[in-house]
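Participant: Quick one: the structure is below, questions incoming.
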Ligand SMILES: Nc1ncnc2c1ncn2[C@@H]1O[C@H](COP(=O)(O)OP(=O)(O)OP(=O)(O)O)[C@@H](O)[C@H]1O
């Protein structure tokens, strides 16, 4: 027990220090304050036996998602959610029915590694500078992003840095390879009016086997993709970014979207469908590009329509002959001259495809599609800009055989020779052909089921085979009739009126033909 004298002595000493402090000049106060404020954390850290590592959702450069965050998130959700009482569950549509369970915010879990204990906590987004204007590159809002905090004993520092964290990353790679779900991303403006990616699981049914096109061309594309996918070392050896640009062109309904699905399936890549109309300016575009992942196909559809918007800023709103431009492409709002910074420019777009920014990320395919290659800006199609131009064309016999195999399951037929001749003379798209074969085979399927019900019992194999042959014959005979009609109509349609219609609506010819085919189907009672 301290005596009264001791307390009095302590009180007097404090009073003396107080008096001394008050007589000191102001600048000495500041220095003393500075020394105390740096000493306190040092003293605390000296006595605190724990250390902490923060894994933020976005990286230091603030543009890109921190992959370590994703790694920890996946690792924790699979390895140690045991101690947490609040979890989140999500069904991943990866063909399995078990939901993925992840940690909810502010939940703590404990992991152990080589006898050492690790505490993980998911910290929520924290708003900073409330009320103030903050410039930020985080997606959408002026917030401090979410982060994981890892706490461990000081003596395990080397273990954590050299063994534990690398093992988390390794496990993450194993788990993602096992549970990979291909995704289709598209960008849209969020509440803060910034363009961000959202995604859905993506399992396109198309494969190269069922793609109706020239066989040699198909093989060439598959070879090109295979060489690209195996090209890591080659690209680093020649000092080129590991990316490839394709321009897919051809009339509507010739399979451009189907081709993208087949490529995604073949390479097992995600697809980013970039909607440029909801991107405000080049810096937003840059952020979107940097947010895409490796092993992906970045698609910009109908680049001819967008390209007018991108280039009109240079050309003005008038066409070369001085007339106002009146076509569907003008529906996209033009930028004001004073508002130059608020738009995406062609050079901005190209800098990601093959400029400075294209080197950020690897194993990426840029895919531009257009129905009108003749309308593209020369800058976009100059040699070397796009690595490969792929033309998707009207359905000829070789492509028809692929569709006949897919839809009717036949490789030979007595009507094939006639169909080959007719397809050479008519510009029919694979979409039209596929639609016809599908409608007819569907109808035949219905009749087949009906007969099954009437009979009450399954028929013998021979009877079934005869029925199927009859259905196929009918289907192809009907298709031949349609092709003949289409051929006659294109021969009798006055070229002038066709040209006029084409001026007004560039796709008029195709739409006209589609309409005729649909009418014919209705007449035959095939339209669904
Ligand atoms: N080459 C093809 N091979 C197989 N199926 C095709 C092909 N082309 C079209 N199809 C069929 O037609 C449908 C429409 O084709 P798709 O959307 O791929 O054409 P597109 O060229 O992208 O048309 P658009 O320019 O109008 O977007 C597809 O779902 C597919 O069933």
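Residue numbers (full-length UniProt numbering): 1 to 528.
Every residue, glycine too, gets a C-beta built ideally from N, C-alpha and C.
1. Between the Cα of residue 416 and the Cα atoms of 393, 364, 478, which residue gives the shortest distance?
2. Expressed to the nearest angstrom, what Euclidean distance is found between the alpha-carbon atoms of residue 251 and residue 431?
3. Near residue 496, what residues of its chain come up, given a Cβ to Cβ distance below 7 Å and the 5 sequence neighbours on each side ignored?
4. Distance check for residue 170 and residue 44, CA to CA, integer angstroms please.
5. Find out if the Cβ-Cβ distance for the pair residue 429, residue 226 is shorter than 8 Å.
6. Which word fits residue 391, buried or exposed, when buried means at least 16 other C-beta atoms lie within 10 angstroms of its C-beta?
7. Between residue 149 and residue 52, which are expected to be in contact by the criterion C-beta below 8 Å, what is the C-beta distance as a whole number of angstroms?
8. I'd like to know whether the C-beta atoms of residue 298 and residue 274 end up nearer to each other than 8 Å.
9. Does residue 85 pass the burial test, meaning 16 or more other C-beta atoms within 10 Å, or should it be called exposed?
10. Compare the beta carbon distance of residue 264 and residue 208 with 8 Å and say whether it is the shorter of the two.
11. How many angstroms separate the CA atom of residue 303 from the CA atom of residue 408?
12. Take the Cβ of residue 182 as the centre, count every other Cβ of all protein chains shown within 10 Å, and call the residue buried at 16 or more, exposed below.
13. Among residues of its own chain, excluding the 5 on either side of residue 512, which ones have a beta-carbon nearer than 6 Å to its beta-carbon?
14. What's the C-alpha gap between residue 364 and residue 167?
15. Between residue 256 and ligand 1, is the CB less than 7 Å from at least one heavy atom?
16. Between the C-alpha atoms of residue 69 and residue 82, what's the straight-line distance to the nearest angstrom?
17. Compute every distance between the C-beta of residue 210 and the non-hydrogen atoms of ligand 1, then say whether any falls below 7 Å.
18. Could you give the residue range of the alpha helix (DSSP H) that holds residue 237?
19. Relative to ligand 1, is the shortest distance from any of its heavy atoms to the C-beta of residue 434 smaller than 7 Å?
20. Where in the segment 180-264 do unbroken runs of the alpha helix (DSSP H), each at least 4 residues long, occur, reported from the N-terminal end onward?
21. If distances are taken between C-alpha atoms only, which option among 396, 362, 71, 425 comes closest to residue 485?
22. Pop quiz: residue 107 and residue 91 are said to be a contact at Cβ under 8 Å. What is the actual Cβ separation, rounded to whole angstroms?
23. With residue 116 as the anchor, note down where its beta strand (DSSP E) starts and where it stops.
24. Just the C-alpha distance for residue 87 and residue 151, rounded to the nearest angstrom, thanks.
25. Compute the minimum distance between the beta carbon of residue 252 and the heavy atoms of ligand 1, and state whether it is under 7 Å.
26. Less than 8 Å between the C-beta atoms of residue 196 and residue 187, yes or no?
27. Please go through the same chain and pick out, in chain order, the residues whose beta-carbon is closer than 6 Å to the beta-carbon of residue 523, but skip the five residues on each side of it.
28. Helix, strand or coil for residue 394, going by three-state DSSP, please let me know.
29. CB residue 79 to CB residue 147, shorter than 8 Å?
30. I want to check one thing, is the minimum distance from the CB of residue 417 to the heavy atoms of ligand 1 below 7 Å?
31. In this structure, how does DSSP classify residue 51 when only helix, strand and coil are distinguished?
32. Inspect the beta-carbon positions of residue 540 and residue 248 and report whether they are closer than 8 Å.
33. Can at least three beta-carbon pairs, one atom from the segment 277-287 and one from the segment 342-351, be found at a separation below 8 Å?
34. From residue 137 to residue 75, what does the alpha carbon distance come to, in whole angstroms?
35. Comparing alpha-carbon positions, which option in 244, 115, 276, 216 lies nearest residue 294?
36. With a threshold of 16 other CB atoms inside 10 Å of the CB of residue 472, please say whether the residue is buried or exposed.
Facilitator: In terms of the structure at hand:
1. Taking the chain shown and counting its residues from 1, the one referred to as residue 416 is at position 416. The option with the nearest alpha carbon to residue 416 is 478.
2. What you label residue 251 is simply residue 251 of the chain shown in a count that begins at 1. What you label residue 431 is simply residue 431 of the chain shown in a count that begins at 1. Going by the C-alpha atoms only, they are around 11 Å apart.
3. As a position in the chain shown, residue 496 is number 496, starting the count at 1. With a pLDDT of 47 at residue 496, under the threshold of 50, the modelled position of this residue cannot be trusted; read the value that follows with caution. Hits under 7 Å: none found.
4. Working through the chain shown from its first residue, we reach residue 44 at position 44. Working through the chain shown from its first residue, we reach residue 170 at position 170. Their Cα atoms are separated by approximately 35 Å.
5. To locate residue 429, count along the chain shown from 1; it is residue 429. To locate residue 226, count along the chain shown from 1; it is residue 226. No, Cβ-Cβ distance for residue 429 and residue 226 is not below 8 Å.
6. Numbered from its first residue, the chain shown carries residue 391 at position 391. So residue 391 counts as exposed.
7. Start at 1 with the first residue of the chain shown, and residue 149 comes out as number 149. Start at 1 with the first residue of the chain shown, and residue 52 comes out as number 52. Contact flag correct, Cβ pair sits at about 6 Å.
8. Here residue 298 refers to the residue found at position 298 of the chain shown. Here residue 274 refers to the residue found at position 274 of the chain shown. Result yes, Cβ atoms of residue 298 and residue 274 sit closer than 8 Å.
9. As a first step, residue 85 must be located in the chain shown, where it is residue number 85. Classification of residue 85: exposed, given that the 10 Å Cβ count is below 16.
10. By one-based count along the chain shown, residue 264 stands at place 264. By one-based count along the chain shown, residue 208 stands at place 208. No, the pair does not count as a contact, with Cβ atoms beyond the cut-off.
11. By one-based count along the chain shown, residue 303 stands at place 303. By one-based count along the chain shown, residue 408 stands at place 408. One C-alpha to the other measures close to 35 Å.
12. What you label residue 182 is simply residue 182 of the chain shown in a count that begins at 1. So residue 182 ends up on the buried side.
13. Your numbering for residue 512 matches position 512 in the chain shown. Model confidence at residue 512 stands at a pLDDT of 37, short of 50, so the residue's coordinates are unreliable and nothing is read from them.
14. As a position in the chain shown, residue 364 is number 364, starting the count at 1. As a position in the chain shown, residue 167 is number 167, starting the count at 1. The alpha-carbon atoms of residue 364 and residue 167 are separated by roughly 27 Å.
15. As a first step, residue 256 is located in the chain shown; it is residue number 256 there, counting from the start. Look at residue 256: its beta carbon is less than 7 Å from one of the heavy atoms in ligand 1.
16. Here residue 69 is taken as the residue at index 69 of the chain shown, counted from 1. Here residue 82 is taken as the residue at index 82 of the chain shown, counted from 1. The alpha-carbon atoms of residue 69 and residue 82 are separated by roughly 20 Å.
17. Walking along the chain shown from the start, residue 210 turns up at place 210. Indeed, a heavy atom of ligand 1 lies less than 7 Å from the Cβ.
18. Stepping through the chain shown from its first residue, residue 237 is reached at position 237. Its alpha helix (DSSP H) spans residues 232-238.
19. Residue numbering aside, residue 434 sits at position 434 when the chain shown is read from its first letter. Because some heavy atom of ligand 1 lies under 7 Å away, the Cβ of residue 434 counts as near it: yes.
20. 215-229, 232-238
21. Sequence index remark: in the chain shown, residue 485 carries index 485 (1-based). It is 425.
22. By one-based count along the chain shown, residue 107 stands at place 107. By one-based count along the chain shown, residue 91 stands at place 91. That pair is no contact at about 20 Å.
23. Start at 1 with the first residue of the chain shown, and residue 116 comes out as number 116. Run containing residue 116: 116-123, per the beta strand (DSSP E) assignment.
24. Translated into the one-based positions of the chain shown, residue 87 becomes position 87. Translated into the one-based positions of the chain shown, residue 151 becomes position 151. When rounded, the distance between both Cα atoms is 20 Å.
25. Indexing the chain shown from 1 puts residue 252 at position 252. At least one heavy atom of ligand 1 is nearer than 7 Å to the Cβ of residue 252, so yes.
26. Counted from its first residue, the chain shown places residue 196 at position 196. Counted from its first residue, the chain shown places residue 187 at position 187. Their beta carbons are under 8 Å apart, which means residue 196 touches residue 187 by this criterion.
27. Sequence index remark: in the chain shown, residue 523 carries index 523 (1-based). Annotation note: pLDDT 38 at residue 523 (below 50); position unreliable, no value reported.
28. On the chain shown, position 394 is the one that residue 394 refers to. In the structure shown, residue 394 sits in coil (DSSP, three-state: anything other than H, G, I, E or B).
29. The residue given as residue 79 occupies position 79 in the chain shown. The residue given as residue 147 occupies position 147 in the chain shown. Cβ atoms of residue 79 and residue 147: not closer than 8 Å.
30. Position 417 of the chain shown, counting from 1, holds the residue named residue 417. Checking every heavy atom of ligand 1 against the Cβ of residue 417, none is found closer than 7 Å.
31. For the purposes of this step, residue 51 is taken as residue 51 along the chain shown, with counting starting at 1. Three-state result, residue 51: strand.
32. Absent from the structure is residue 540, since the part of the chain shown begins at 1 and ends at 528.
33. yes
34. As a first step, residue 137 is located in the chain shown; it is residue number 137 there, counting from the start. As a first step, residue 75 is located in the chain shown; it is residue number 75 there, counting from the start. Since pLDDT at residue 137 reaches only 42, below the 50 mark, its modelled position is unreliable, and no value is offered.
35. Here residue 294 refers to the residue found at position 294 when the chain shown is read from its first residue. Ranking 244, 115, 276, 216 by Cα distance to residue 294 puts 244 first.
36. If you number the chain shown from 1, residue 472 lands on position 472. With 16 or more Cβ atoms within 10 Å of its Cβ, residue 472 is classed as buried.
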